[in-house]
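From first to last, the protein sequence lines stand for chains X and P.
Residue numbers for the first sequence follow my numbering, so the first one is 1 and each next one is one higher.
Residue numbers for the second sequence follow my numbering, so the first one is 1 and each next one is one higher.
Using N, Cα and C, we set each Cβ at its ideal position, and we do this for glycine too.
Just so we're clear, the structure is a prediction, and the values are computed from it rather than from any experiment.
Before any comments, here is the structure.
There are 2 protein chains.
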Amino acid sequence: VEGQELHIQPEGILLSLDIRVEKPSLSVPLSDEQALRHALGEKINGPIDKIDLFVQRELPVKLRRFGWELSVALRRDEVVGIAPRGTRWYGVAVDIGTTKIAAYLVDFTTGETTASKGIMNPQISLGEDVVTRITAANQTQDKRDELHDVLINSLNLLISNLCYETGIDHTQVAEIVVVGNTVMHHFFLSLPVRQLGESPYVPACITAVDVKARELGLKIASGAYVHLLPNIGGYVGADHTAMLLAADLHKRSGVVLGLDIGTNTEICLNHHGRLTSLSCASGPAFEGAHIKHGMRAAKGAIEHFQFNEGELLFQIVEESEPVGICGSGLLDIISELCRNGIIDQKGRLNEHPLVILDDGIKEFVLVSADQNNRRIPVAITQKDIRELQLAKAAIRVGIRTLVELSQIRESDIDQVVIAGAFGSYINISSAIQIGMLPLLPLERFDQIGNAAGSGARMALISSQKRLEAQEIAAQVKYFDLATLPDFQTKFAKATVLNNKID
Amino acid sequence: VEGQELHIQPEGILLSLDIRVEKPSLSVPLSDEQALRHALGEKINGPIDKIDLFVQRELPVKLRRFGWELSVALRRDEVVGIAPRGTRWYGVAVDIGTTKIAAYLVDFTTGETTASKGIMNPQISLGEDVVTRITAANQTQDKRDELHDVLINSLNLLISNLCYETGIDHTQVAEIVVVGNTVMHHFFLSLPVRQLGESPYVPACITAVDVKARELGLKIASGAYVHLLPNIGGYVGADHTAMLLAADLHKRSGVVLGLDIGTNTEICLNHHGRLTSLSCASGPAFEGAHIKHGMRAAKGAIEHFQFNEGELLFQIVEESEPVGICGSGLLDIISELCRNGIIDQKGRLNEHPLVILDDGIKEFVLVSADQNNRRIPVAITQKDIRELQLAKAAIRVGIRTLVELSQIRESDIDQVVIAGAFGSYINISSAIQIGMLPLLPLERFDQIGNAAGSGARMALISSQKRLEAQEIAAQVKYFDLATLPDFQTKFAKATVLNNKID
Chain X
1 VEGQELHIQP EGILLSLDIR VEKPSLSVPL SDEQALRHAL GEKINGPIDK
51 IDLFVQRELP VKLRRFGWEL SVALRRDEVV GIAPRGTRWY GVAVDIGTTK
101 IAAYLVDFTT GETTASKGIM NPQISLGEDV VTRITAANQT QDKRDELHDV
151 LINSLNLLIS NLCYETGIDH TQVAEIVVVG NTVMHHFFLS LPVRQLGESP
201 YVPACITAVD VKARELGLKI ASGAYVHLLP NIGGYVGADH TAMLLAADLH
251 KRSGVVLGLD IGTNTEICLN HHGRLTSLSC ASGPAFEGAH IKHGMRAAKG
301 AIEHFQFNEG ELLFQIVEES EPVGICGSGL LDIISELCRN GIIDQKGRLN
351 EHPLVILDDG IKEFVLVSAD QNNRRIPVAI TQKDIRELQL AKAAIRVGIR
401 TLVELSQIRE SDIDQVVIAG AFGSYINISS AIQIGMLPLL PLERFDQIGN
451 AAGSGARMAL ISSQKRLEAQ EIAAQVKYFD LATLPDFQTK FAKATVLNNK
501 ID
Chain P
1 VEGQELHIQP EGILLSLDIR VEKPSLSVPL SDEQALRHAL GEKINGPIDK
51 IDLFVQRELP VKLRRFGWEL SVALRRDEVV GIAPRGTRWY GVAVDIGTTK
101 IAAYLVDFTT GETTASKGIM NPQISLGEDV VTRITAANQT QDKRDELHDV
151 LINSLNLLIS NLCYETGIDH TQVAEIVVVG NTVMHHFFLS LPVRQLGESP
201 YVPACITAVD VKARELGLKI ASGAYVHLLP NIGGYVGADH TAMLLAADLH
251 KRSGVVLGLD IGTNTEICLN HHGRLTSLSC ASGPAFEGAH IKHGMRAAKG
301 AIEHFQFNEG ELLFQIVEES EPVGICGSGL LDIISELCRN GIIDQKGRLN
351 EHPLVILDDG IKEFVLVSAD QNNRRIPVAI TQKDIRELQL AKAAIRVGIR
401 TLVELSQIRE SDIDQVVIAG AFGSYINISS AIQIGMLPLL PLERFDQIGN
451 AAGSGARMAL ISSQKRLEAQ EIAAQVKYFD LATLPDFQTK FAKATVLNNK
501 ID
């Protein structure tokens, strides 16, 4: 998980106040809660509307233990946390992806990200993609509960780890913002998903949600809220809203295409201020899944590749020995093998000294066992190529659909913004070569990293950004690829490994 | 539990709306929550701010099961319940006493009370009065939890029973109002009580509270709230606020005394618009506890008594055979025995043919075993008389303290309003005779029944009454009898069984 710097100031969400509370006496026997209201009222020059009940349960003990001096986390008009005077308050921004979860711990005083961490989504054991997880959820209430519970448990663990790294207590976390695709959003909130899996594929909820963290089982400050940014549609979720927010896509002029590439790829076209978004099932190949020697972009992964005049050139993560292939490497390998005629346009491996048969399936050997201390070969198989063809075709059909809906041509696109961890590492030329991205001059492409996470962090600390996210969600028109009549034909055409499809 | 009629209209709390929700389609794939917002927005001519998350969890299934037609419980700006079109919504008002709990089921459409029920407070097994229960709660977290849990469990049962009687489902209950003394209030909300039991005896919270019923473990409509009226002070709780509200005590002119007699007796003096309240520990004698043949005012209880020229005259509940003595009977018996010189002013039983010794303790035999088919004698013991003396002294010291604080005399009191089930049944002359109530003309007394319950029912259905309750709580000055320097002397004096104390 990378931690891009944020350039916005905390504002309007959480105020941290150090106060001194008057001790009660027999002659002035104020209740603890009134005494707190008085002290706060003087500090902010106005009445305090609400003190969360769970904070009130802690108040009598904490006031007496901490000598009537407190640090108060004030969320708009509500006290959501109390701690000893001088305590700093934090927030956590979470991006729940189908495959990975990224979380950022943000200091509410400075707006600085003090720690960030990524883990695998534990729901993977219940289904690799959103469709199989919806199917699992439809089976029994237990499965539905499990899909929610494993998510919450791993978020609690993730938050604990972030806090440990920064040296703070989990009760100092006084706000969480969560983004994710609509299905993750629903699992997180324990909303039904059946209607998301059946025509007309509608979400239970898309509007922004504020809910007490404790009601979802999250263990942070006793009165803290979770805020979920609004979803845009059935398969375009709050993570896309966050991406558009962080990339300012809605404010850019001209014709701008935005992509967040992952297991689901969300694509938005801003056509002179009219925004349309859709989602396509690009599958987990870019995350290294369903690929024989696939892996995440960790130590030993081939992340870039060139094949020049018979020579194989690798760029390996942490400059280690190659042990597998991550998404960006996969893209380069297939692009380079195409360019060299070893893979034809239909994706078939041609004959070549490095093409061998393993278990009856053709594969191109990148690293042979004897080239490797660990004696592990690395190869790309015919099946791997098919996986990539399906993934890239899904993305390209998505792009072309948006372009056609706006009655323009791909060449009219002034700018392509690519978000997502994977999208930041890919070689754009490779992606163009195999026909995943439109044939446009390289300078029109902008790779911005995990923008969904950045958008979540912005919304975590800024009420202005939350408003903006709501405006974006209201403004973006959602298009469902399921309504495209000739989808299958277009998809089949788009699997071709060149950039000549029309 | 008696069900006084309410003369106010439901207003401003809960709106019941029958709506038709538009089915989504592939071309207009509105989320269920948006579709609900649209349908409601048209009905009330404005946007709906909030839909409770737990309602949203039910929404997709209920919309499809009930054919896109719903009855919606709208609480101010928030949807708190959904049900099939045509469903009626209800509220429950609860008065949690130290000894008894009374609950009323109210129809939110008509404001009518459709059922009411009383049960014993199950916390009695953990302590008979508030002081012993605070001690129990201070021992361990488990005890503290138990005091909360038994209360919630019996409320759930009570609500089930009320619903069963009216033929409705518990999920049709969309709002609860709770009143009780400050200690019951704290146990109900699971707030700490330690500081209530130690000088300066302050509550954790006195301001009105709104909390989701589910967060307390109450099983009603999924998004429903519990509203607690404000407390006035450490030992003057929301039940007193409700009593003042129902009795309009704050609006009456002149000098008005209000009493709610129970295990704790709350007393308020309205001295030309300046209100002061205090509480005194009158003990459970009036509920029939700690009295040898004491019982609740149920079948067979002696509820009234006269002793004229050697003849014993009983009035028995349900005109049955006498089996015990309830609070109002106890008061009459002691008053009549005093009047006839059988009990002296210090409370000692004199010699008399009906005064015998049982286990070394003197007692006056009211009903001998051979006068009774069941062969159960009913008597009043020397110890019973002492119990009543303590109870009545506590009340009288309370009254005198308020009178003295206002620098008036008891004879200046224009009106005495007596609330509470017990207070409604007592013979005022008897109470005056033994010195429990001031020596005033009988026409100045007004016995109004369970006013706390009526106040709770008013606040349940009327936002105006909730506001008024807050004004009352802010207006009433709380006085703590613990701060009275010569309390013990005054209390000892007030145990004398006449009305001549000065």
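Secondary structure of residue i, DSSP reduced to three states
i: F445 (chain P); result: strand
i: K383 (chain X); result: helix
i: S283 (chain P); result: One point to set straight first is that residue 283 (chain P) is Gly, not Ser, in the sequence displayed. Reduced to three states, the DSSP call for G283 (chain P) is coil.
i: E503 (chain X); result: Within the shown structure, residues of chain X are numbered from 1 to 502, placing residue 503 (chain X) beyond reach of any answer.
i: L437 (chain X); result: coil
i: G233 (chain X); result: strand
i: A419 (chain X); result: strand
i: G310 (chain X); result: coil
i: G453 (chain X); result: helix
i: H250 (chain X); result: helix
i: D358 (chain X); result: strand
i: D142 (chain P); result: helix
i: G91 (chain P); result: strand
i: E22 (chain P); result: coil
i: L245 (chain X); result: helix
i: F487 (chain X); result: helix
i: S27 (chain X); result: coil
i: L497 (chain P); result: coil
i: K392 (chain X); result: helix
Close Cβ partners of residue i (< 6 Å) along its chain, the five nearest in sequence each way excluded
i: E22 (chain X); result: A35
i: N138 (chain X); result: R194
i: G97 (chain X); result: G262
i: V94 (chain X); result: A103, V178
i: A39 (chain P); result: I19, V21
i: G254 (chain X); result: D414
One or two residues paired with residue i in a DSSP bridge
i: P84 (chain X); result: X:L70
i: E11 (chain X); result: X:S462
i: A469 (chain P); result: Paired residues: none, contrary to the question.
i: G118 (chain X); result: X:A102
i: D260 (chain P); result: P:E266, P:A419
i: F305 (chain X); result: X:F314
i: E78 (chain X); result: X:K50, X:R75
i: E363 (chain P); result: P:I356, P:T381
i: R274 (chain P); result: P:H271
Proximal residues to residue i (C-beta, below 7 Å), its chain only, five neighbours per side dropped
i: I472 (chain X); result: T241, L244, L245, H250
i: V209 (chain P); result: L189, L228
i: P377 (chain X); result: V365, V367, S368, A369
i: N478 (chain X); result: One detail in the question is off: residue 478 (chain X) reads as Tyr in this sequence, not Asn. I232, G233, V236, S277.
i: L484 (chain P); result: T401
i: N373 (chain X); result: E321
Sequence-distant residues of its chain with Cβ nearer than 8 Å to residue i (five each side left out)
i: V202 (chain P); result: Q195, L196, G234
i: P47 (chain X); result: R37, G41
i: T135 (chain P); result: G127, G197
Counting Cβ pairs closer than 8 Å, one from the region 441 to 458 of chain P and one from the region 231 to 246 of chain P, do we hit at least three?
yes
Can you list, in chain order, the residues of the region 220 to 245 of chain X whose Cβ is nearer than 9 Å to any Cβ on chain B?
Within the model displayed, chain B is absent; protein chains X and P are what it includes.
Quick one: which unbroken alpha helix (DSSP H) runs of 4-plus residues sit fully inside the region 314 to 347 of chain P? Chain order, please.
327 to 339
What residue ranges within the region 145 to 215 of chain X form continuous alpha helix (DSSP H) runs of no fewer than 4 residues, ordered along the chain?
182 to 189, 194 to 197
I'd like to know if the region 379 to 388 of chain P and the region 347 to 363 of chain P are in contact, where contact means that at least 3 CB-CB pairs between them fall below 8 Å.
yes
Contact between the region 321 to 334 of chain X and the region 283 to 293 of chain X is defined here as three or more beta-carbon pairs at a separation below 8 Å; is this criterion met?
yes
Please determine if the region 122 to 134 of chain X and the region 493 to 500 of chain X are in contact, where contact requires at least 3 C-beta pairs separated by less than 8 Å.
no
Stretch pair the region 439 to 453 of chain P + the region 412 to 421 of chain P: three plus CB contacts closer than 8 Å
yes
So, does the region 204 to 219 of chain X touch the region 72 to 86 of chain P, judging by three or more C-beta pairs under 8 Å?
Touching, no, given that fewer than three Cβ pairs across the two stretches are closer than 8 Å.
Segment contact, 8 Å Cβ cut-off, at least three pairs: the region 393 to 413 of chain P with the region 254 to 274 of chain P
yes
With a threshold of 8 Å, are at least 3 pairs of Cβ atoms found where one atom belongs to the region 57 to 73 of chain X and the other to the region 143 to 159 of chain X?
no
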